[in-house]
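Working notes, structure below.
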Amino acid sequence: MTAYTKEGKTTSSKHTSGRKSKLADRDRRVLKRIVARKHKQSLSEITSEMNRHLQDPVSSKAVKRELHAANIYGRVAIRKPLVTPTNAFKRRQWCRDHKCWSPQQWQQVIWSDESSFTLFQTIGRVYVWRTPKEAFNPECLLPTVKHGGGSIMTVFPGERPLFQDDNAPIHTARCVQEWFEEHDDAVDHLAWPPQSPDLNIIEHLWQYLESKIRSRFPPPSGLSELKTAVQEEWLNIPLNIVHDLYASIPRRIKSVLQSKGG
């Protein structure tokens with residue numbers, strides 16, 4: 246009533262700003278530095294380190310909320326093989342040769358790769374806390390000893406497409422080479438640098454497919470249902486995700502050049 250008498254407003258019209266942050270500006274800067282120093286750590290580890298700088302401890306939930314407010318999220322680390330000096334040079338050279346390609350040129354590429362899908366989720370995932378733009382920063386990647394080849398081809402529209410050969414042994418099989426010789430006037434090859442899954446945009450589609458399959462209820466109960474689920478989710482991939490992946494290619498190339506091919 247008092248508010249209405251003085252200002253003509255009811256108390257319900259009072260603006261609220263939502264949940265108040267438990268961290269001061271200085272504390273939020275400290276939190277960002279903790280993550281920047283070590284991206285591969287758990288939320289509990291980040292919270293424990295953060296509380297060493299605070300008089301009043303905060304919960305992991307509060308820390309997670311602050312990280313999200315700063316556009317920092319926990320994501321599965323992208324796997325990238327340890328690159329030899331020779332292959333690092335080849336990766337740099339390839340990126341220099343293709344850094345000025347237009348979106349239209351990239352849309353002519355037929356991407357190749359493989360992925361396995363299991364009935365039960367496998368262990369061994371490594372999570373990193375990062376912003377979307379940090380996905381391909383070296384400290385946010387998960388080095389691996391060896392990278393497997395590819396077996397799935399997805400055709401994108403184009404008058405004369407380019408086949409992105411990811412150097413998998415299956416692509417050097419005699420029957421495959423004979424097919425390309427027979428269709429030499431229809432499909433060109435895109436030279437591909439070794440040990441470069443971080444440049445292959447189809448890698449992200451596998452992650453997307455796996456997340457969609459894991460979110461299904463009820464989950465697939467057998468291999469036949471799993472195969473059907475993969476096919477259905479593949480056909481339902483939103484076009485905006487595909488467009489975003491194409492748009493990410495220049496950023497991926499830039500990241501490789503900044504890391505000197507590593």
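Going by the working numbering, the first residue of the sequence shown is number 246, and it counts up by one from there. Heads up, the beta-carbon is just placed ideally off N, CA and C, and yes, glycines get one too.
Margin query: Less than 8 Å between the C-beta atoms of Val386 and Ala322, yes or no?
Written below: The residue asked about is misnamed: residue 386 is Leu in this sequence, not Val. Yes; because the gap between Cβ atoms is below 8 Å, this pair is in contact.
Next item on the list: Label Leu480 either buried or exposed according to how many other C-beta atoms from any shown protein chain fall within 10 Å of its C-beta, with 16 as the threshold for buried.
Entry: Looking at its Cβ environment, which holds fewer than 16 other Cβ atoms inside 10 Å, Leu480 is exposed.
Check: How big is the Cα-Cα spacing for Gln350 and Gln338?
Finding: Per the coordinates, the alpha-carbon of Gln350 lies some 18 Å from the alpha-carbon of Gln338.
Check: DSSP state of Val328, grouped into three classes?
Finding: Correct three-state label for Val328: coil.
Check: Helix, strand or coil for Trp451 per DSSP?
Finding: If DSSP states are grouped into helix, strand and coil, Trp451 belongs with the helices.
Notebook entry, point to check: So which of Val475, Leu268, Cys345, Phe462 has the shortest CA-CA distance to Leu454?
Noted result: The residue among Val475, Leu268, Cys345, Phe462 with its C-alpha nearest the C-alpha of Leu454 is Val475.
Next item on the list: Please list, in chain order, all residues of the same chain as Lys267 whose beta carbon is under 7 Å from its beta carbon, the five residues on each side excluded.
Entry: Same-chain partners within the cutoff: Val303, Ala307.
Check: Three-state secondary structure (DSSP) at His343?
Finding: Helix, per DSSP.
Check: What are the start and end residues of the beta strand (DSSP E) that includes Lys375?
Finding: Note on identity: in this sequence residue 375 is Arg, with Lys being the wrong assignment. From DSSP, the beta strand (DSSP E) with Arg375 extends over 372-375.
Checklist line | Element boundaries [alpha helix (DSSP H), containing Leu471] | finding: Boundaries of the alpha helix (DSSP H) harbouring Leu471: 468-480, taken from the DSSP string.
Notebook entry, point to check: Whose C-alpha, out of Glu426, Thr473, Gln352, is nearest the C-alpha of Ile446?
Noted result: Measuring from the Cα of Ile446, the nearest candidate turns out to be Gln352.
Margin query: Taking only three categories from DSSP, how would you classify Leu276?
Written below: Helix at Leu276.
Next item on the list: Look at the alpha carbon of Trp305 and the alpha carbon of Arg461, and state the distance between them as a whole number of angstroms.
Entry: Sequence inspection shows Ser at residue 305; the Trp mentioned does not correspond to that position. Cα to Cα, Ser305 sits roughly 28 Å from Arg461.
Item checked: Beta-carbon proximity check, His284 vs Glu384, cutoff 8 Å -> Going by C-beta atoms, His284 is nearer than 8 Å to Glu384.
Next item on the list: Enumerate in chain order the residues of its own chain whose CB-to-CB distance from Ile279 is below 8 Å, with the five nearest sequence positions on each side excluded.
Entry: For Ile279, where only same-chain residues beyond five positions count, the Cβ hits under 8 Å are Ile291, Glu294, Met295.
Notebook entry, point to check: Between the C-alpha atoms of Leu490 and Arg336, what's the straight-line distance to the nearest angstrom?
Noted result: Spanning the two alpha carbons is a distance of roughly 20 Å.
Item checked: Separation of Gln440 from Ala380, as counted between CA atoms -> Taking the straight line from one Cα to the other gives about 17 Å.
Notebook entry, point to check: From which residue to which residue does the beta strand (DSSP E) around Asp433 run?
Noted result: For Asp433, the uninterrupted beta strand (DSSP E) segment begins and ends at 433-435.
Next item on the list: Using 10 angstroms around the beta-carbon of Cys420, count the other beta-carbons present and answer buried if the total reaches 16, otherwise exposed.
Entry: Exposed is the call here.
Next item on the list: Report the three-state DSSP secondary structure of Pro383 (helix, strand or coil).
Entry: Secondary structure at Pro383: helix, using DSSP grouped into helix, strand and coil.
Margin query: Residues in the same chain with beta-carbon distance under 7 Å from His343, minus the five sequence neighbours each way, listed in chain order, please.
Written below: The beta carbon of His343 is closer than 7 Å to those of Ile498 in its chain, skipping five residues each way along the sequence.
Next item on the list: Check Ala321 in the structure and name its three-state DSSP category.
Entry: For the record, residue 321 in the displayed sequence is Val; it is not Ala. It is a strand residue.
Margin query: I believe Leu435 touches Val501 by the beta-carbon criterion, under 8 Å. Please report the beta-carbon distance rounded to the nearest angstrom.
Written below: About 16 Å separates the two Cβ atoms, so there is no contact after all.
Next item on the list: Could you please give the first and the last residue of the uninterrupted alpha helix (DSSP H) stretch that includes Val308?
Entry: Going by DSSP, Val308 is part of the alpha helix (DSSP H) stretching over 305-314.
Check: Around the Cβ of Met398, are there at least 16 other Cβ atoms within 10 angstroms (buried) or fewer (exposed)?
Finding: The predicted position of Met398 is uncertain, since its pLDDT is 32 and thus under 50; a value taken from the coordinates is nonetheless stated next. In summary, Met398 is exposed, with fewer than 16 beta-carbon neighbours lying within 10 Å of its beta-carbon over all protein chains present.
Notebook entry, point to check: Can you round the beta-carbon distance between Ile458 and Glu478 to whole angstroms, since I take them to be within the 8 Å contact cut?
Noted result: Indeed, because the Cβ distance is near 6 Å, the residues count as touching under 8 Å.
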